[in-house]
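Engineer:
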Amino acid sequence: MIGRAAQTTRRGPAPRNISARIALPALALLALGAAPARPDESRTVPAVAIPANPAADVGREAASIDLAWQPRLRLLSQSQYVNVIHQVFGGDIDVRVRFPPVPRVDGLLAVGAGTVLPTPGAVDQLVMMAPLISKQVVDPSRHDRIPCRPADTAKRDDTCARKFFAKAGRLLFRRPLTDNELQAAVRISGTAAGPSGGFYEGLAYGLSGLLVSPQFLFISEDVRPKKGAGGGWELDGYSKASRLSFLLWDAAPDDALLLAAQRGDLNDPVRLQRQVDRMISSSLYEDGVRAFFTDYLVLEAFSSLSKDSVIYPAYTLKVAEEAKEQVLRMVVDHLVAQKGDYRDLFTTRRIFLTSDLAVLYRLGVDRGAHGWAAYDLPDGDPRGGLLTLIGFPSQFAHAGRSSPTIRGKAIRETMLCQKVPPPPPDVDFSNFEDPTNPAATARERLKAHQENPACAGCHAITDPIGLALENFDGAGQFRRTENGVVISTAGKLDGVAFEDAVGLGKALRDNRSLKSCIVKRLYAYSVGREMNPADRDTLAGFQVIFERSGYRFEDMLRRFIFDPGFFVAKSVPLHANGTLKSAAIGGFHDQKFLADRSTPNAARRAQWGSRDRVATVPGVLAER
Amino acid sequence: MLSGAAVTVSLPFLEFLLNDSGTALAATREPLPERFGTWFWGLGVDPGIWRPKQVGALVDLPPQLACIEKVKSHVNVFSNFDVLTDGKPNLCHFTGWVVLRSGTPPPTRDILPDPSLDIAIADHIGGGTRFRSLEMAATGRPRDSYSFQNFNGVNPPEISAVELYRKIFGADFQDPNSPRFVPDARLMLKKSVLSAVADQRNELVRKVGAADKARLDQYYTSIREIENRLTSQLEKPADAPTCRIPNEPADIPLGLEADLVSARHRAMTDLLVMALVCNQTKVFNMVYSDSFSALSRKGLEKSHHAFTHEEPVDRIKGYQPHASGFVNDAMKEWAYFVEKMAETPEGDGTLLDRCLIYAHTDCSVAKIHSLTQIPMMTAGRLNGRVKTGQHIDGQSQTATRLGFTVQRLMGLPVGSWGAGSNVATSPIGEIVA
Numbered sequence: 001m002i003g004r005a006a007q008t009t010r011r012g013p014a015p016r017n018i019s020a021r022i023a024l025p026a027l028a029l030l031a032l033g034a035a036p037a038r039p040d041e042s043r044t045v046p047a048v049a050i051p052a053n054p055a056a057d058v059g060r061e062a063a064s065i066d067l068a069w070q071p072r073l074r075l076l077s078q079s080q081y082v083n084v085i086h087q088v089f090g091g092d093i094d095v096r097v098r099f100p101p102v103p104r105v106d107g108l109l110a111v112g113a114g115t116v117l118p119t120p121g122a123v124d125q126l127v128m129m130a131p132l133i134s135k136q137v138v139d140p141s142r143h144d145r146i147p148c149r150p151a152d153t154a155k156r157d158d159t160c161a162r163k164f165f166a167k168a169g170r171l172l173f174r175r176p177l178t179d180n181e182l183q184a185a186v187r188i189s190g191t192a193a194g195p196s197g198g199f200y201e202g203l204a205y206g207l208s209g210l211l212v213s214p215q216f217l218f219i220s221e222d223v224r225p226k227k228g229a230g231g232g233w234e235l236d237g238y239s240k241a242s243r244l245s246f247l248l249w250d251a252a253p254d255d256a257l258l259l260a261a262q263r264g265d266l267n268d269p270v271r272l273q274r275q276v277d278r279m280i281s282s283s284l285y286e287d288g289v290r291a292f293f294t295d296y297l298v299l300e301a302f303s304s305l306s307k308d309s310v311i312y313p314a315y316t317l318k319v320a321e322e323a324k325e326q327v328l329r330m331v332v333d334h335l336v337a338q339k340g341d342y343r344d345l346f347t348t349r350r351i352f353l354t355s356d357l358a359v360l361y362r363l364g365v366d367r368g369a370h371g372w373a374a375y376d377l378p379d380g381d382p383r384g385g386l387l388t389l390i391g392f393p394s395q396f397a398h399a400g401r402s403s404p405t406i407r408g409k410a411i412r413e414t415m416l417c418q419k420v421p422p423p424p425p426d427v428d429f430s431n432f433e434d435p436t437n438p439a440a441t442a443r444e445r446l447k448a449h450q451e452n453p454a455c456a457g458c459h460a461i462t463d464p465i466g467l468a469l470e471n472f473d474g475a476g477q478f479r480r481t482e483n484g485v486v487i488s489t490a491g492k493l494d495g496v497a498f499e500d501a502v503g504l505g506k507a508l509r510d511n512r513s514l515k516s517c518i519v520k521r522l523y524a525y526s527v528g529r530e531m532n533p534a535d536r537d538t539l540a541g542f543q544v545i546f547e548r549s550g551y552r553f554e555d556m557l558r559r560f561i562f563d564p565g566f567f568v569a570k571s572v573p574l575h576a577n578g579t580l581k582s583a584a585i586g587g588f589h590d591q592k593f594l595a596d597r598s599t600p601n602a603a604r605r606a607q608w609g610s611r612d613r614v615a616t617v618p619g620v621l622a623e624r
Numbered sequence: 001m002l003s004g005a006a007v008t009v010s011l012p013f014l015e016f017l018l019n020d021s022g023t024a025l026a027a028t029r030e031p032l033p034e035r036f037g038t039w040f041w042g043l044g045v046d047p048g049i050w051r052p053k054q055v056g057a058l059v060d061l062p063p064q065l066a067c068i069e070k071v072k073s074h075v076n077v078f079s080n081f082d083v084l085t086d087g088k089p090n091l092c093h094f095t096g097w098v099v100l101r102s103g104t105p106p107p108t109r110d111i112l113p114d115p116s117l118d119i120a121i122a123d124h125i126g127g128g129t130r131f132r133s134l135e136m137a138a139t140g141r142p143r144d145s146y147s148f149q150n151f152n153g154v155n156p157p158e159i160s161a162v163e164l165y166r167k168i169f170g171a172d173f174q175d176p177n178s179p180r181f182v183p184d185a186r187l188m189l190k191k192s193v194l195s196a197v198a199d200q201r202n203e204l205v206r207k208v209g210a211a212d213k214a215r216l217d218q219y220y221t222s223i224r225e226i227e228n229r230l231t232s233q234l235e236k237p238a239d240a241p242t243c244r245i246p247n248e249p250a251d252i253p254l255g256l257e258a259d260l261v262s263a264r265h266r267a268m269t270d271l272l273v274m275a276l277v278c279n280q281t282k283v284f285n286m287v288y289s290d291s292f293s294a295l296s297r298k299g300l301e302k303s304h305h306a307f308t309h310e311e312p313v314d315r316i317k318g319y320q321p322h323a324s325g326f327v328n329d330a331m332k333e334w335a336y337f338v339e340k341m342a343e344t345p346e347g348d349g350t351l352l353d354r355c356l357i358y359a360h361t362d363c364s365v366a367k368i369h370s371l372t373q374i375p376m377m378t379a380g381r382l383n384g385r386v387k388t389g390q391h392i393d394g395q396s397q398t399a400t401r402l403g404f405t406v407q408r409l410m411g412l413p414v415g416s417w418g419a420g421s422n423v424a425t426s427p428i429g430e431i432v433a
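Protein sequences appear in the order of chains U and Z. Numbering-wise (the working numbering), the first sequence opens with residue 1 and increments by one. Numbering-wise (the working numbering), the second sequence opens with residue 1 and increments by one.
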């Protein structure tokens, strides 16, 4: 069901992924030997201990150190939580958990996960979920996934429990458990075995302890002194493994990756490449791509999207679910299967349809209840590109009507990384829907924005591009007229003229901000933190490369991962307000790299170090 | 405690001890708990048809409040109180509720300067029940909560009546009216699990910076609260003669159509009243509609919010008819909420008699986002400490006086509340009994 927090599996090619995950426990749990030593981790120190002054002691109290690139504890996302449970214990575990709302920081929930405060209500949900999962894991039908048999199922068996927790715990915590952690899990299981009814029941209590531990729920990255010339600090092997796996798989490292981390392979470019190749060739890579675009394109909104059932009877909850999946299928097909350029997502004519979706597209496609079929839109079709799927125009619209302003704002903020200022509180809309106003179309109605100086500035940013999509009603269905009047869709995007939605897609494809935006967002997502001035050169360097090579998704990820700075935890002193202290970066003060600068208002408002958050609720612009 | 002894007493004695509502028994035990709740609706009111004409006793209700006629003796209506921005921007549909919940105007949309008042009240009265507080959003949207520690720390709401039911009355529910009580051994085991997690706090905390340490501290505080809850569940629950385990509600589809939201609100309300009389929580936060309410009505193109800005004012009626209809709906739901509390027996009265409910919105007139004359209400007499059935004219005083009064009535030792021009130092005497 859409929108229920209790999503057990994501939509999409679930069967393939689930089967892959079912197979994993056997590989993960049974292939391992004894709990390994941590040769690569011998010099690991907490991230907090990175000295702002490299000469400072490693172990000094970290609270006094401000680091621009200091790793933060990031709460697992709901999909990561589900993926890890399936990865470790099998895809048939029913995981119905609701994570707390996460603020969107720098346009991404993945970055906001580093700021979310676990309130009692939020923790309550996670604590309630743990025993429900544990109970399923120790169910008799799954005993064959537990890597040993107790001597007597009615009693505690610390040896078997230790073996189980050493293996499962390593996968859940993304590193070997410490002695204390292992002993605690074994002790709880042993103590609980009697009162709870036996070995397996006791095991469930120990497992619940791991599942509510912050070591599982938060992605924690540790650092160590960087090897080689220049010194500095970098993530330790296990933290590198987590960064890779949550980026490429939206899940935790598997056994092979943890072994690679343990051996120090991830410090060696050749052996790192071997792991990255393996991960990208895995079926789980698609999950990683889906997770990024779900976050980047704000697709979680579909979980509570509904349309007026009288005005748009064909847009059911099932259709809303499929509209989201359609976007993701286009993304995966174009970027993964076809290895296409990100920019071409806005012009591609290949879409995927179900029977229900085809009704809204007025196409005769019959794929049964859940089947998907590829469909190539013919030349001249008024649709083409991501913006013209029903997903975008229906996501950014009212329940019973389209909204050029909401759509324009979404393009600016989501795809161009620009910030549309909120409207003043005292706007007079009295002439917007004056009953004596003969306006038949949205374009005519929106003239009211142009006539009011308080509105004109911002609406000049949003409305022209939003009006380009007026051929798609609030449910994303094509229409040529509104109230009997032919809809005009021509306009300009940052000076580039277009005639219609397809033309807008082409203009968007070549827009400078579209390119800088995907680089900025994807890199922030990859490293799990906000971008700051110290990232300027890095991002600019990537931009130069991608301008030459194209914005191919896999290539972008590889460029990031193999960049010397990707695993670096750099010490950069900050002012109290979050801006860089100039001495740390050679006097960089200008803001010319601001992605927001293409809009004067946004540029005026934007500041490095300030958080580009989308509040819990949108501005008035978003609702019109 | 009567446990043990109660097993041996005869039925006639029990009948002597208990009447239908448990009054006699209640008289021999701890006083029944007091509760606090908030009720939120978005997008203000139509002052011309919402504000009672007379100050003092609620006599003739204006059209938009006519629906509370049946419960008006339990309600107070507050008009002509102002929210002040203190030079900060009026952030549309945001500043108003932030001030009414926390006393402090926010500088930007990503800052909630102080915790919401329900947090402090829950700290003060919330012990001894399974849940520190219950948050519910009839909108069915997971972000619709106005209970917060700060911007990054929002108490997530229950968004489905079915899930709310299972949370409260699921496997871990202990029926206070069960004739025999056997402490559930599983609770002790669950507690030991959480204790072990908490014991590892230092190992993790030493690795993180100050901001993450604060987040971890919040995490472990939350864990401790759950531990305490489990401890309390090891004792026989206090008798709650009027507690009845309700039936699991039917699933309500997603959507913001007013009919669906109403159904969700009523199903959640019905569960909440039983959660309260069954002593599962003492604090609750109900959201009927959010501050940017996108509630819709079948066949209408626009949402409530869009109507408030785009619908012309009817020159004869003096308000926006469609937008006004959504406010009428909100008031009807408020009436349902209060009535449900008022008709639920408890002790020698009703559940509402021991409650204080603070109801407010985000602005006065949504069309212009006005923060002056912001509408507020309360319901419940809080064991006789609140006078009800009145219309109080704030005469342009700060609206935070009501939040301050509420906290004082709930027993918080606060001398003032709010910041800058919104600071309140004196309770609203008219409602203090």
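Every residue, glycine too, gets a C-beta built ideally from N, C-alpha and C.
Which residues, in chain order, does the region 215 to 231 of chain Z contribute to contact with chain U at a C-beta distance below 7 angstroms?
Structural biologist: Answer set for the region 215 to 231 of chain Z: Arg-215, Leu-216, Gln-218, Tyr-219, Ser-222, Ile-223, Glu-225, Ile-226.
Engineer: Would you say Arg-224 of chain U lies against chain Z (beta-carbon separation less than 7 angstroms)?
Structural biologist: Taking Cβ atoms only, chain Z never reaches closer than 7 angstroms to Arg-224 of chain U, which makes this a no.
Engineer: Could you name the residues that DSSP lists as bridge partners for Trp-97 of chain Z?
Structural biologist: DSSP lists no partner for Trp-97 of chain Z.
Engineer: For chain U, is any of its Cβ atoms less than 7 angstroms away from the one on Arg-132 of chain Z?
Structural biologist: Answer yes: the Cβ-Cβ gap between Arg-132 of chain Z and chain U drops below 7 angstroms somewhere.
Engineer: If you drop the 5 nearest sequence neighbours on each side, which residues of the same chain put their C-beta closer than 6 angstroms to that of Trp-41 of chain Z?
Structural biologist: If we look at Trp-41 of chain Z and ignore the five residues flanking it on each side, its Cβ neighbours are Tyr-288, Ser-289, Ala-330, Thr-361.
Engineer: Gly-391 of chain U: buried (16+ other C-beta within 10 angstroms of its C-beta) or exposed?
Structural biologist: The residue is buried, with at least 16 neighbouring Cβ atoms inside 10 Å.
Engineer: Which value, in whole angstroms, describes the spacing of the CA atoms of Ser-526 of chain U and Asp-287 of chain U?
Structural biologist: Each residue's alpha carbon lies about 14 angstroms from the other.
Engineer: Just curious, the beta strand (DSSP E) that Ser-79 of chain Z is in, first and last residue?
Structural biologist: Start and end: 75 to 79.
Engineer: List the residues of chain Z that Tyr-312 of chain U touches, going by C-beta distances under 7 angstroms, in chain order.
Structural biologist: In chain order: nothing, as chain Z lies at least about 10 angstroms away.
Engineer: Determine the extent of the alpha helix (DSSP H) in which Trp-434 of chain Z is found, giving its start and end residues.
Structural biologist: Outside the modelled stretch of chain Z, which goes from 1 to 433, sits residue 434 of chain Z, for which no answer is possible.
Engineer: Which residues in chain U have a C-beta closer than 8 angstroms to the C-beta of Ser-192 of chain Z? List them in chain order.
Structural biologist: By Cβ distance, chain U contributes Ile-188, Thr-191, Ala-192, Tyr-205.
Engineer: Any C-beta of chain U within less than 8 angstroms: which residues of the region 271 to 282 of chain Z qualify?
Structural biologist: From the region 271 to 282 of chain Z, no residue has a Cβ closer than 8 angstroms to chain U.
Engineer: Check each residue of the region 139 to 151 of chain Z: if its Cβ is closer than 7 angstroms to any Cβ of chain U, include it; give the result in chain order.
Structural biologist: Within the region 139 to 151 of chain Z, the qualifying residues are Gly-140, Arg-141, Pro-142, Arg-143, Gln-149, Asn-150, Phe-151.
Engineer: Would you please verify whether the beta carbon of Thr-538 of chain U is less than 7 angstroms from any beta carbon of chain Z?
Structural biologist: Not an interface residue.
Engineer: According to the neighbour-count rule (16 or more other Cβ atoms, all chains shown, within 10 Å of its Cβ), is Lys-387 of chain Z buried or exposed?
Structural biologist: The residue in question, Lys-387 of chain Z, is exposed, as its Cβ has fewer than 16 Cβ neighbours within 10 Å.
Engineer: Which runs of the beta strand (DSSP E) spanning at least 3 residues fall entirely within the region 374 to 409 of chain U, listed in chain order?
Structural biologist: For the region 374 to 409 of chain U, not a single whole beta strand (DSSP E) run of length 3 or above is found.
Engineer: In whole angstroms, give me the CA-to-CA distance for Thr-372 of chain Z and Asp-82 of chain Z.
Structural biologist: Their Cα atoms are separated by approximately 4 angstroms.
Engineer: Give me the residue from U:Ile-280, U:Ala-252, U:Ser-282, U:Leu-244 with the minimum Cα distance to Asn-267 of chain U.
Structural biologist: Of U:Ile-280, U:Ala-252, U:Ser-282, U:Leu-244, the residue nearest in Cα terms is U:Leu-244.
Engineer: My output table needs one value for Ser-296 of chain Z: the three-state DSSP class, helix, strand or coil.
Structural biologist: Strand.
Engineer: Let me check understanding here. Comparing Cα to Cα, which of U:Asn-483, U:Leu-299, U:Gly-91 lies closest to Glu-321 of chain U?
Structural biologist: Checking every option, the nearest Cα to that of Glu-321 of chain U belongs to U:Leu-299.
Engineer: Any idea what DSSP makes of Gly-22 of chain Z, helix, strand or coil?
Structural biologist: Because the pLDDT of Gly-22 of chain Z is 39, which lies under 50, any placement of that residue in the model is unreliable, and the question is left without a value.
Engineer: What is the rounded straight-line gap between the Cα of Ser-285 of chain Z and the Cα of Asp-152 of chain U?
Structural biologist: Before going on, a small fix: residue 285 of chain Z reads as Asn here, not Ser. C-alpha separation (whole angstroms): 49 angstroms.
Engineer: May I ask which residues mark the beginning and end of the beta strand (DSSP E) holding Glu-234 of chain U?
Structural biologist: Glu-234 of chain U -> beta strand (DSSP E) spans 233 to 235.
Engineer: Could you check where the beta strand (DSSP E) with Tyr-146 of chain Z kicks off and where it finishes?
Structural biologist: Taken as a continuous stretch (DSSP letters only), Tyr-146 of chain Z belongs to no beta strand (DSSP E), as it is neither H nor E.
Engineer: Alpha carbons only, please: which of Z:Gly-153, Z:Gly-420, Z:Ser-232, Z:Gly-44 is nearest the one belonging to Asp-110 of chain Z?
Structural biologist: With distances taken between Cα atoms, Asp-110 of chain Z lies closest to Z:Gly-153.
Engineer: How is Tyr-358 of chain Z classed by DSSP in three states: helix, strand or coil?
Structural biologist: Note: Tyr-358 of chain Z maps to strand in three-state DSSP.
Engineer: Does Leu-254 of chain Z come within less than 7 angstroms of chain U when only Cβ atoms are used?
Structural biologist: Chain U contact via Cβ: present.
Engineer: Quick one: give me the first and last residue of the beta strand (DSSP E) that Arg-224 of chain U is part of.
Structural biologist: Element bounds for Arg-224 of chain U: 223 to 225.
Engineer: Going by CA-CA distance only, name the one from Z:Asp-144, Z:Glu-257, Z:Ala-171, Z:His-309 that's closest to Ser-296 of chain Z.
Structural biologist: Looking at the Cα atoms, Z:Glu-257 is the closest of the given residues.
Engineer: Can you pull the DSSP bridge partners for Val-365 of chain Z?
Structural biologist: In DSSP, Val-365 of chain Z forms a bridge with Z:Gly-44.
Engineer: Hey, how far is the Cα of Ser-598 of chain U from the Cα of Ser-213 of chain U?
Structural biologist: Because Ser-598 of chain U sits at a pLDDT of 30, beneath the cut-off of 50, its placement in the model cannot be relied upon, and the point is left open.
Engineer: Can you list the residues of chain U that Ser-296 of chain Z reaches, using a CB-CB cut of under 7 angstroms?
Structural biologist: Per Cβ cutoff of 7 angstroms: Asp-308, Ala-399, Gly-400.
Engineer: Do Arg-101 of chain Z and Ser-79 of chain Z have their C-beta atoms closer together than 7 angstroms?
Structural biologist: Not closer than 7 angstroms, so no.
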